[in-house]
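See structure below.
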Amino acid sequence: MFILIVGAGRVGSSVARTALAAGHTVSVLDEDPLSHERLEVGLDTTWEEAGGRFTVGHGMEVDALTEAGILEADVFIASTDGDNTNLTISQIAQRHYEVEKVIVRVMDPARAAWYQQQGLHTICPTQHAIEMFTSALGAIA
Amino acid sequence: MYVIIAGGGKVGWNLARELIAKGNEVTLIENRRTRYLTIEQELEHAIQYGDATELWVLERAGIQRADLTIAVTGDDEDNLLICQVAKEKYLCERIIARVNNPRNRSWFELLGIAPAVSATDLILRLIEHEVPSYGLVHLLDLRDEQLEIIEVEVGPDSPAAGRAVQEMSLPDGALIISLLRDGRGFVPKANTVIEAGDEVLLVLDPGLEDAITAQFAPGRDAA
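Just so you know, the protein sequences line up as chains A and B, in that order.
Taking the UniProt record's numbering, the leading residue of the first sequence gets 1, the next gets one more, and so forth.
Taking the UniProt record's numbering, the leading residue of the second sequence gets 1, the next gets one more, and so forth.
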């Protein structure tokens, strides 16, 4: 599968490496050229030599999205550090580019729940943390 | 009318002030602490501190009973999502969003956020209006009605100069609605002759601008 990941932070870069290792075509888009380094953590080769793609640009820019290969993408992952950017670009990917699978990271649980109801596949790390804290607390008290 | 304004920048603060002066009930939402404290000295209870993209902040401001939501932060994604949530989750019937980067306008349209107002576009239209050689000026888009109103200035070498309205071979879906001559406007008859220096107002179906430009701009007649 062709996977396009926007946002090469800790989460995005790890998902990118794992997906590449699993044999998928992986393209990463990030505004910060230095985020490229994070993709190579733990690799013996460069990201490109390992088979990955990297584009510098913003997820709202048509040119950057095109260069990163959104027209061929089967999966779109929005994992920048901004909820609002993620929600906006994932809806663009879904409605304009008609990417089949769109997954979006949303830190705010309330909005993650609402956008999930609206048909976006949302991942909410905050909600997971809340649940794990709550169950850890339940095990102690 | 109850209005919620997201973003206490120059636009938001002045909008709040004007709308309150006109007798509306207003809540301005601002998420920068110092900015909030500054504005709070003037607007008092009409401003709340918080991030208007968070649902509880909108609910605290009373989004459920808002007649109008205006999103004028400096961030296009924020403005887009605030309006989307106001419209689709809280069923606020009227929304207005500010577009900071005109390139993002198409995304607002894609996600059903209209009207989206871009200061850059408005200033560009003013420039077009003040610099007549620029040609055709967009005055108004009636999106829901699928119509546009434009203004064209007739130069001395325009193919339209000296021709009667009925001689103009305008495309279907284009209609001359008035002429401005020597500072006065009037509705032309079929035999009214268009003169150099006239400003012509037309109502159009979208997408006819090029055909109209060809009728009025010199050197591009029937090209």
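Glycine is no exception: its CB is placed at the ideal position from the N, C-alpha and C atoms.
Residue environment for THR122(A): buried (at least 16 other C-beta atoms within 10 angstroms of its C-beta).
Under the Cβ criterion of 8 Å, ASP78(B) is counted among the residues facing chain A. For the 8 Å CB-CB criterion, LEU39(A) and PHE54(A) form a contact. Neighbourhood of ALA110(A) in chain B, by CB distance below 8 Å: GLU54, LEU55, TRP56, in chain order.
Three or more beta-carbon pairs drawn from the segment 139-155 of chain B and the segment 204-212 of chain B are found closer than 8 Å, and the two stretches are therefore classed as touching. DSSP places GLU30(B) in the uninterrupted beta strand (DSSP E) bounded by 25-30. Short of 6 Å from the beta carbon of ALA196(B), and not among the five residues preceding or following it, lie these beta carbons of its own chain, in chain order: VAL154, PRO156, ALA161. Along the length of the UniProt domain "RCK N-terminal" (1-124) of chain B, whole beta strand (DSSP E) runs at least 3 residues long occupy 2-6, 25-30, 47-49, 68-71, 94-99, 116-118, reported in chain order. Between ILE113(B) and LEU68(B) the beta-carbon gap is near 14 Å, outside 8 Å, which marks them as no contact. Taken through DSSP and simplified to helix, strand or coil, ALA190(B) comes out as coil. Pairwise C-beta distances place the segment 33-44 of chain B out of contact with the segment 122-131 of chain A, as fewer than three of them are shorter than 8 Å.
Unbroken alpha helix (DSSP H) runs of no fewer than 4 residues, entirely contained in the UniProt domain "RCK C-terminal" (137-219) of chain B, are found at 209-216, following chain order. Residue pairing of SER27(A) in beta bridges, as defined by DSSP: LEU4(A), ARG53(A). Of MET132(A), GLY57(A), GLN118(A), the smallest CA-CA separation from GLY7(A) is found for GLY57(A).
Taking THR213(B) as reference, the option from LEU170(B), ASP182(B), GLY12(B) with the minimal CA-CA separation is LEU170(B).
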